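Q:
In the working numbering, the protein residues as written are 10 to 139.
(1) Can you tell me the Cα-Cα spacing of residue 14 and residue 23, whole angstroms?
(2) Just the C-alpha distance for residue 109 and residue 16, rounded to the nearest angstrom, thanks.
(3) Counting Cβ pairs, one atom from each stretch, are 3 or more of them under 8 Å apart for the region 74 to 89 and the region 36 to 56?
(4) For residue 117 and residue 61, which I take to be in contact (beta-carbon distance under 8 Å), what is that distance rounded to the nearest angstrom?
(5) Nearest CA to the CA of residue 48: which residue from 131, 126 and 132?
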C-alpha cells in the first residue's frame, strides 16, 4: 500500500496481480473465475474455446520447449500427426486463420462484456492496410 500514491493505483495493482495469477493458472481457471464471480462466459462456442486453448498450448511449447511437442501435446493430436520431440508445424494459412479467430473472439468478448456489464464502447475505425 505504501508504494502507491492513490487508491486507484492500489486497485490497478491488485487487478494486474489477479490477472497474472489467473493467466498463470490457465484458461480453465480464468473461465471458472469469470463464471463464478460474474456469471460471464469467456467463450460461447466450445469449438472456439478448444482452439484458443490449443493456441495457448502452442505458444507455451514455443516459449518453454523451443517449439517441440511434448508427450501430452502429441497425445492430444486427434489426427496423430504430432510426435513427441518433433517441432510443432505451423503453416501460414493456419496462422492467418488463427489470427482471424482470435480477433473475432476478442470482438465477441468485448461486445458481450459491454452488454452484460453496461459498459460504454467506442467504435475504433478500421486501420488501413498497407
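Built from N, CA and C at the ideal position, the CB exists for glycine as well. Bear in mind the structure is a predicted one, so any value in this text is a computation, not a measurement.
A: Let me spell this out:
(1) Taking the chain shown and counting its residues from 1, one reaches residue 14 at position 5. Taking the chain shown and counting its residues from 1, one reaches residue 23 at position 14. Across the structure, residue 14 and residue 23 are spaced so that their CA atoms are roughly 14 Å apart.
(2) As a working mapping, residue 109 is identified with position 100 in the chain shown. As a working mapping, residue 16 is identified with position 7 in the chain shown. Rounded to the nearest angstrom, the gap between the Cα atoms of residue 109 and residue 16 is 38 Å.
(3) At 8 Å Cβ cutoff, the stretches do not touch.
(4) Indexing the chain shown from 1 puts residue 117 at position 108. Indexing the chain shown from 1 puts residue 61 at position 52. Residue 61 and residue 117 do not touch by the CB rule: their CB atoms are close to 11 Å apart, not below 8 Å.
(5) Counting from 1 along the chain shown, the entry for residue 48 is found at position 39. Out of 131, 126 and 132, the CA that lies nearest to the CA of residue 48 is found in 126.
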